[in-house]
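S.K.:
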Amino acid sequence: MYYQPIVDLDSMRLYGFEALVRWNHPQNGLIMPSDFIPLSEDTGLVIPMTLHILRTSCEQAVAWQQRYPDLRYLTISVNLSGKHFSDASLVEQVGSILNETGIEPQCLKLEITESSTMEDAEKAIEKLKEIKRLGVKLSIDDFGTGYSSLSYLRRFPLDTLKIDRSFVSAMDESPESDEIVNTIMALANSIKLDVVAEGIENVEQLKHLRHLGCEYGQGYLFSRPLTVSGVEAMIADKPEWADLVKDSVFNSETAGNDYLQAEFTN
Numbered sequence: 001m002y003y004q005p006i007v008d009l010d011s012m013r014l015y016g017f018e019a020l021v022r023w024n025h026p027q028n029g030l031i032m033p034s035d036f037i038p039l040s041e042d043t044g045l046v047i048p049m050t051l052h053i054l055r056t057s058c059e060q061a062v063a064w065q066q067r068y069p070d071l072r073y074l075t076i077s078v079n080l081s082g083k084h085f086s087d088a089s090l091v092e093q094v095g096s097i098l099n100e101t102g103i104e105p106q107c108l109k110l111e112i113t114e115s116s117t118m119e120d121a122e123k124a125i126e127k128l129k130e131i132k133r134l135g136v137k138l139s140i141d142d143f144g145t146g147y148s149s150l151s152y153l154r155r156f157p158l159d160t161l162k163i164d165r166s167f168v169s170a171m172d173e174s175p176e177s178d179e180i181v182n183t184i185m186a187l188a189n190s191i192k193l194d195v196v197a198e199g200i201e202n203v204e205q206l207k208h209l210r211h212l213g214c215e216y217g218q219g220y221l222f223s224r225p226l227t228v229s230g231v232e233a234m235i236a237d238k239p240e241w242a243d244l245v246k247d248s249v250f251n252s253e254t255a256g257n258d259y260l261q262a263e264f265t266n
């Protein structure tokens, strides 16, 4: 298991983590998900593997919440494959893991792809509503790369859109990518969703996203995915992410940010 930090771009403090999995093969070394996830879907192993990831990451999040009082509302995001999303037992499985691990439901965010929801949009809406009744958060991953119908998107009980890293990384060089990011932000604002920008790699991207009112971000500018010990070392070092933008002024009101600035209250 690896965990990549997700940063609150307003406060520039740690908001949560995305849980990621790697295969450390005894002969071939570290194998990335793009190589083994398709195989796991073909064999059906993706469901037990995802349940293991979900249970492990929820247990780890609870441990960090208890160990670090400042992180008591720490969130954990876990990806669901299209095959798992369509599984009839998904809602029951998620409910069982919530009970087993003791994580607060609102601290768990499930990430699904555009394509998995649009294969049967009406059925997906009902499944998403069932998941929402558990109290967990829902996110559309890699938004902008699929084929979402905007009419259905408004009906999905979502909390978050994640902007694909390909658009974020190209903002500096491609006016088209910059405009796509602007459009996604405007869309999210219109339907009251917050936004996570993936793949933030430099300060100019960060400043531009903050100016647009993007709530959250992740990427190598903040941290690569980390092991558990790496996360704990990072927390101990108290990363000064605010220094990245200390010479820029961010005002959510003037930036037109009408989004929710926090998901929890004390």
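Here this note's numbering is used: position 187 in the sequence shown is 187, and no number is missing along the way.
Don't be surprised by glycine CBs; every beta carbon is placed ideally from N, CA and C.
Please read these numbers as outputs of a predicted model, since none were measured by experiment.
(1) Got a sec, what are the start and stop residues for the alpha helix (DSSP H) residue 129 sits in?
(2) Judging by CA-CA distance, which residue of 97, 44, 168 is the nearest neighbour of residue 87?
(3) What residue from 138, 1, 11 has the CA that sits closest to residue 239's CA?
(4) What is the DSSP secondary structure of residue 105, reduced to helix, strand or coil?
(5) What are the residues that DSSP puts in a beta bridge with residue 216?
(6) At which residues does the beta strand (DSSP E) containing residue 19 begin and terminate?
(7) Under DSSP, the alpha helix (DSSP H) around residue 202 begins and ends at which residues?
(8) Where does residue 68 fall in DSSP's three states?
(9) Is the distance from the Cβ of residue 136 to the Cβ of residue 105 below 8 angstroms?
(10) Is residue 74 closer than 8 angstroms to residue 16 when the C-beta atoms are compared?
(11) Is the CB-CB distance between residue 207 and residue 181 below 8 angstroms?
(12) Hey, residue 81 and residue 41: beta-carbon distance below 8 angstroms or not?
(13) Excluding the five sequence neighbours on either side, which residues of its own chain have a C-beta within less than 6 angstroms of the C-beta of residue 54, listed in chain order?
(14) So, for residue 139: in the same chain, excluding its five sequence neighbours on each side, which residues have a beta-carbon less than 8 angstroms away from its beta-carbon?
M.R.: Reading off the structure:
(1) 121–133
(2) 44
(3) 11
(4) helix
(5) 8, 196
(6) 13–20
(7) Neither: residue 202 is in no alpha helix (DSSP H) and is coded neither H nor E.
(8) coil
(9) yes
(10) yes
(11) no
(12) yes
(13) 78, 97
(14) 77, 109, 110, 111, 112, 158, 159, 160, 161, 162, 196
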